[in-house]
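Trainee: Following this message is one structure expressed as structure tokens.
2 protein chains.
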Amino acid sequence: LIIVGTIAIIGATIAIIALSPKCLVWWQASPIYQVYPRSFKDSNMDGGGDLKGIQEKLEYFQYLNIKTVWIAPFYQSSIKDFRYAVDDFRAIDPTFGTMKDFDNLIAVMHDKGLKLVMDLIPNHTSDKHNWFQLSRNRTGKYTDYYIWHNCTGGGTEAATPNNWVSFYGNSSWQYDDIRKQCYFHQFLKEQPDLNIRNPDVQAEIKEIMNFWLAKGVDGFRVDAAKFLLEAEHLRNEPQVNTSQNADTVTSYSELFHDYTTTQVGMHDIVRSFRQTMNEYSREADKYRFMSVESSDGKAIEKTMMYYGNSFIEEANFPYNVYLLDLNKELSGNIIFDTVNSWMRAMPKGKWPNWVVGSPSNPRIASRVGKEYTNVINMLLLTLPGTPVTYYGEELGMTDYTTKINQSEHNFGVHDPSEDPEKTPMQWDANPNAGFTTANETWLPVNEDYTTINVENQKAHPNSTLNLYRELSLLRQNELPIHRGWICLIYNDKDVFAYVREFDGLDTTFMMLLNFGNASRTNVQVAGIELPGQAQIRLSTNFNNNGKSVDFGSIPTEKGEGLVLEYKTNKPVHTKDNFKNNCYVSEKACYLMALNLLYKNC
Amino acid sequence: LIIVGTIAIIGATIAIIALSPKCLVWWQASPIYQVYPRSFKDSNMDGGGDLKGIQEKLEYFQYLNIKTVWIAPFYQSSIKDFRYAVDDFRAIDPTFGTMKDFDNLIAVMHDKGLKLVMDLIPNHTSDKHNWFQLSRNRTGKYTDYYIWHNCTGGGTEAATPNNWVSFYGNSSWQYDDIRKQCYFHQFLKEQPDLNIRNPDVQAEIKEIMNFWLAKGVDGFRVDAAKFLLEAEHLRNEPQVNTSQNADTVTSYSELFHDYTTTQVGMHDIVRSFRQTMNEYSREADKYRFMSVESSDGKAIEKTMMYYGNSFIEEANFPYNVYLLDLNKELSGNIIFDTVNSWMRAMPKGKWPNWVVGSPSNPRIASRVGKEYTNVINMLLLTLPGTPVTYYGEELGMTDYTTKINQSEHNFGVHDPSEDPEKTPMQWDANPNAGFTTANETWLPVNEDYTTINVENQKAHPNSTLNLYRELSLLRQNELPIHRGWICLIYNDKDVFAYVREFDGLDTTFMMLLNFGNASRTNVQVAGIELPGQAQIRLSTNFNNNGKSVDFGSIPTEKGEGLVLEYKTNKPVHTKDNFKNNCYVSEKACYLMALNLLYKNC
Ligand SMILES: [Ca+2]
Ligand SMILES: [Ca+2]
């Protein structure tokens, strides 16, 4: 009998394991918080942030319930701030500390259950990189590490191989007086493009990845992926305006980049990066995450290709930067379009993500208006997929332009137009917002720091910070929000509404978010079956928490967001007329009787 | 003791299995013989070949030691001979017989250990295909099965969406009077291109594959792969000659096909075909083979992409059509270049192949001259990889132009310029060469059939047929030729020479092939270590078989080829100065003491 019992228990265990959907992997389970390291925390009184500074603040991530920290480039870079031009991919820039600081940081992060993601920059180096010095002198294998051609070619512009222009304008070819040839650069002339078709260069990138992966780095964000390959035939790119005089074409937007972006073979190179990371990903908790930068505008299907497909792995996700285009022309309809276009284009079974801020875009509060900061954060943390938060957005930090001396910086070293979103993190009401004990900071501290700072907002339940924290906990604790269906059910000029539901659970959430003006919304017009009322689980206005609302007339203020909770056994995603508005990444079900999550449903 | 012994035996068995390199899969082990079904054997006295005719001749493949038979398209096609315009992918064209005939054929072939490969044509259908009829009438999902655009667009040619031209010249857009739109065709206007970006179309192709794979078809040759996708932006393709008046561009060679060939995503579609075939490939003997048509001229790296890479499966090989370019300008140097350029460009570990004839190229005897037929066959069967033989090339059949009435056929239904290489197979000296007992044949029989025929050549040891057979047996029986290294050691205007060797075996073969005029070759100048003499294992002139030659002065007649055999323990591929001239697909070694083939060497 004991044997039979044991077998039964083993059998049941096997059955449960077989039925259980795997838990979300860490990069799905937690939001990603992007740290701009020069601006986060200064540990050594030089007025600029550093790795030790980040280490001092790890408890803050835990307070926010964030497990994944993406640190913008900290590679050694002779160009002071433009950290995407790297002199040495195996060294820490002294301004951020030492390799020992890095090793300490990652060790402590891992002890605390935090993950560290960094940038991988395979498209180019700085012109100070040793490889470039060897290449311009035609030294051995380095001769072909960059893209060199004789300057005079079939192009219309004298002394360049063709009409290609760089992202920042003017020819993407630069004459080198040492080698007496032109080299190609997609970005600044100080950022020569690597010749990544060269297997030796691919091997170098792989070794760089191995270097950091062996140190325990948990993920890479692959920079500038679409720029990796260029056509070898060097034909002129077609002009957008064919009647423009070819000699006057100097701006990136004046050409179609058919020969310098998204070339055949590029995705296989990105996929080879994934393969390298897989060698370090055998255990789920050690899984190495890969995302790619992507920016294909209206050609969203190009961005989607970075997801790979059902039989080829590529990025876990391409960063979804479409929310970065939001501006003062905000409305419920625009948010609906932005969400829907990603969800609709995303390959089946893949995992979405949403990026609200970045070091190269004005802060959300300044772009759309402070009154919408909270509702944007509510959107970010209640959509399916991984939310990506740029440091300070959880406080509602704003762009600071007053004391930014744009003439101090010369373009090419540092883009002064991007300074306003890089001002120091606002920790408290002390001088320099607690960012540093130095007298000066590398960029001025925003004057609003006396109220907009972590310490102050921690003390106020209705603060942007506290809302972010509540949303992050809600996302973690509620299965429908964590990994359930999303059905887009309603939008108008003011409001966008969607439900999150999970098969087998009757607890359902509806997010009703106001991106316009105060209004009353009747979501019953959507034609879904709803109970009469719902409870406000969370409002951007904490005073409304716990109140009841009537689905026929839900009031929201300008910029107010509501997480409504109610019970139903008639989920929207099972309705035929909504099947084109509902999405799920990986179906799973819940069996209440056994408290069991299972997959074959 | 018995137990210990048993364990030891089991251990040894496991060790041997672990060490053993897997046997070559069938598509590597045997040459591929391409049958043009209309011309192979007529079974029903209508003057055209058919499936039953092929079945009557299966012993012939066994006689040749050939296991893989690729039959050119036999799908139902309303266009009489242009069988790449298919009306129904699930039906046999009545001229070839019935589906029952097909089922019988494949059953008997499998009984005899033969494999059947057929064409998959995913790029287009005929304009008689039901899908096209439904699409031109905008019926449901079929509306988007083809590539439709309004005819007037930004193009320079009136009433076409752009300047794209078809492979056969003139606009690749055709106005359809029913739909009042233009459809796109890469080839004839009777061959509208499928919109394979449409997931429904992809599903159709997959179902067609499933249909034939379930019937037991052993492999597909994917037709026109590079044409599968076209750019959606519809921009004009750039002119080769920018000063040409755009209105006069009508020929395919006048444009660069940057937007209509080899687009991003095409390879992933081909790879998805491989995935479908994998579902039927679980057992090695049931492995389904996939090759693709490729023709990228000097851009050989484009062709190589069809091999996939170390972590993505694609075709087992893209057909290597570079030998089809051979012409009267033959030389040892040209053959060296053709072989070397493929071997050098092929990704590591992949398997080569060599195609000598096809239904769209003059026969080799007519292209390079009859006197070189034998040495070309010797090249084909002693190179590493899979040889591909077009029916009749094993006899030295020649193009027949005398009685071909080119006016009988109109282009678009049938290309008369391709008839000379499609005349009936020459089986014996009976009327119509034994091809049919009908009075007339669909194309005239070549007058040379009284001497160039299977029966006659079987009886003569020094015949082209017998040489082919001997070469095929040699390839099968000798490990170095079957799967060993190749080292290209010598070439001049007359002669090309290479060795085939296998680690652990001292028996080595050197092929010395004359593609020019009679000469004496001193291969010792190559700087490899050789014994003084070698034996002629096989010569295109059987009288020379068994003779000894001195490596310092090897005589060959015009068009003579020699397989030399000798022993050495100093293989060429281990020498530093030859490492760039030696290639192996998958390294394996032989341990003479145990008669053991193993891999970790
Ligand atoms: Ca590049
Ligand atoms: Ca096509």
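Going line by line, the protein sequences match chains A and B.
So the first sequence is numbered by the working numbering: it starts at 148 and just counts up by one.
So the second sequence is numbered by the working numbering: it starts at 148 and just counts up by one.
From the three backbone atoms N, C-alpha and C, an ideal C-beta is built for every residue, glycine too.
(1) In this structure, does DSSP put T533/A in helix, strand or coil?
(2) Check the Cβ of I459/B against every Cβ in chain A and list those closer than 8 Å, keeping chain order.
(3) Taking only three categories from DSSP, how would you classify W498/A?
(4) Using a Cβ-Cβ distance under 8 Å, would F403/A count as near chain B?
(5) Can you confirm whether N345/A, when its beta carbon is compared against all beta carbons of chain B, has any partner nearer than 8 Å?
(6) Between L261/B and F208/B, is the Cβ-Cβ spacing less than 8 Å?
(7) Determine, using beta carbons only, whether P578/A and K550/A come nearer to each other than 8 Å.
(8) Can you tell me whether Q391/A is helix, strand or coil according to DSSP?
(9) Which residues does DSSP pair with P702/A in a beta bridge?
(10) Can you look up D340/A in the DSSP assignment and give me helix, strand or coil?
(11) Sorted by chain position, which residues of the same chain lie with C-beta nearer than 8 Å to D250/A's C-beta, five sequence neighbours on each side aside?
(12) Identify which residue in V264/A, A512/A, D575/A has its Cα closest to the Cα of Q181/A.
(13) Please report the residue range of the alpha helix (DSSP H) in which V642/B lies.
(14) In angstroms with no decimal places, state the Cα-to-Cα distance between E587/B and D193/B.
(15) Do you know offhand how far H556/A's Cα is from P563/A's?
(16) Taking only the alpha-carbon atoms, compute the straight-line gap between F643/A and E354/A and give it to the nearest angstrom.
(17) Would you list, in sequence order, the uninterrupted alpha helix (DSSP H) runs of no fewer than 4 residues that lie entirely inside the stretch 381-434 of chain B?
(18) Should N270/B be counted as a contact of ligand 2 given a C-beta to heavy atom distance under 7 Å?
(19) Quick one: is the Cβ of L375/A within less than 7 Å of any heavy atom of ligand 1?
(20) Looking at C-alpha atoms only, which residue of D546/B, Y399/B, E384/B is the closest neighbour of E594/B?
(21) Among A393/A, Y537/A, N716/A, which residue has its Cα nearest to the Cα of G651/A?
(22) Using the beta-carbon count (16 or more within 10 Å), is T389/A buried or exposed?
(23) State the Cα-Cα distance for the pair F483/A and S225/B, rounded to the nearest angstrom.
(24) Going straight from the alpha carbon of Q671/A to that of D394/A, what length do you get?
(25) Interface residues of chain B around P385/A at Cβ under 9 Å?
(26) Relative to the C-alpha of Y737/B, which residue among L626/B, Y730/B, P506/B, Y454/B is closest?
(27) Is there at least one Cβ from chain B nearer than 8 Å to G559/A's Cβ?
(28) Taking the beta carbon of V255/B as the centre, do at least 16 other beta carbons fall within 10 Å, making it buried, or is it exposed?
(29) Per DSSP, which residues does C329/A bridge with? Please list them.
(30) Can you give me the start and stop residues for the beta strand (DSSP E) that W217/B sits inside?
(31) Is any heavy atom of ligand 1 found at a distance shorter than 7 Å from the C-beta of Q202/B?
(32) Could you name the residues that DSSP lists as bridge partners for H607/A?
(33) Say whether chain A places a C-beta atom closer than 8 Å to the C-beta of Q422/B.
(34) Could you confirm whether any beta carbon from chain B is found closer than 8 Å to the beta carbon of C748/A?
(35) Going by beta carbon distance, what residues of the same chain come within less than 7 Å of F236/B, once the five residues before and after it are set aside?
(36) What residues in the stretch 311-345 of chain B have a beta carbon less than 7 Å from any beta carbon of chain A?
Mentor: According to the data block:
(1) strand
(2) D415, R418, I459
(3) coil
(4) yes
(5) no
(6) yes
(7) no
(8) coil
(9) R667/A
(10) strand
(11) K362
(12) V264/A
(13) Per DSSP, V642/B belongs to no alpha helix (DSSP H); it is in the beta strand (DSSP E), 642-648.
(14) 8 Å
(15) For H556/A, the predicted model reports a pLDDT of 46, less than 50, meaning its position is unreliable and no value from the coordinates is stated.
(16) 47 Å
(17) 413-425
(18) yes
(19) yes
(20) D546/B
(21) N716/A
(22) exposed
(23) 50 Å
(24) 59 Å
(25) R382, N383, P385
(26) L626/B
(27) Confidence is the limiting factor: at G559/A the pLDDT is only 45, short of 50, which leaves the residue's position unreliable, though a coordinate-based value still follows. No, G559/A lies away from the interface with chain B (no Cβ there is under 8 Å from its Cβ).
(28) exposed
(29) H296/A, Y322/A
(30) 215-218
(31) no
(32) Per DSSP, none; premise fails for H607/A.
(33) yes
(34) no
(35) Y222, I355
(36) none
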